[in-house]
Amino acid sequence: MGNAFNALGMYDQAVRYHRQELHISLEVNDRPSQASTHGNLAVAYQALGAHDRALQHYLHHLTIARELRDTQSTARALGNRQTGHDQALDRAR
10 MGNAFNALGM YDQAVRYHRQ ELHISLEVND RPSQASTHGN LAVAYQALGA HDRALQHYLH
70 HLTIARELRD TQSTARALGN RQTGHDQALD RAR
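Quick note on numbering: our numbering labels position 32 of the sequence shown as 41, and the sequence is numbered without any gaps.
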């Protein structure tokens with residue numbers, strides 16, 4: 010659901026659903042889901058302009074992906090984090 014709202018540009022709703030998903034994945038200790046959900050939250054927060062929150066979630070995504078030795082998720086986390094940094098630089102100019 011969160012990804013659908015994200016695709017529609019309804020980022021507040023996306024955050025709400027992603028936070029629910031994160032809560033569930035933490036309860037059941039689903040580490041791969043935690044990683045991807047942190048990534049999804051980061052993208053939504055970035056779109057909302059909540060750059061500090063986005064960075065926190067990018068870092069959680071990256072940390073978990075590395076713990077899992079998931080190279081695809083690690084690459085996604087690094088790419089998304091770089092995009093966030095690039096956007097921050099553009100705003101600062």
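Just so you know, even glycine gets a beta-carbon here, dropped at the ideal spot from N, CA and C. Small disclaimer: the values here were computed from a predicted structure and weren't measured.
Exposure of Gln55, with buried meaning 16 or more beta-carbon neighbours within 10 Å:
buried
Alpha carbon to alpha carbon, how far is Leu68 from Asp61? Give it in angstroms, no decimals.
11 angstroms
Take Thr83 and list the residues in its own chain whose beta-carbon comes closer than 8 angstroms to its own, dropping the five residues that flank it on each side.
Leu71, Ala74, Arg75
Asp79, DSSP secondary structure in three states
coil
Report the residue from Ile33, Asn89, Gln81 whose alpha carbon sits nearest the alpha carbon of Gln65.
Asn89
Look at the alpha carbon of Gln91 and the alpha carbon of Leu77, and state the distance between them as a whole number of angstroms.
21 angstroms
Looking only at C-alpha atoms, which of Arg102, Gly58, Val52, Ala86 sits nearest to Asn12?
Val52
Return yes when the Cβ of Gln22 is within less than 7 angstroms of the Cβ of Ser34, no when it is not.
no
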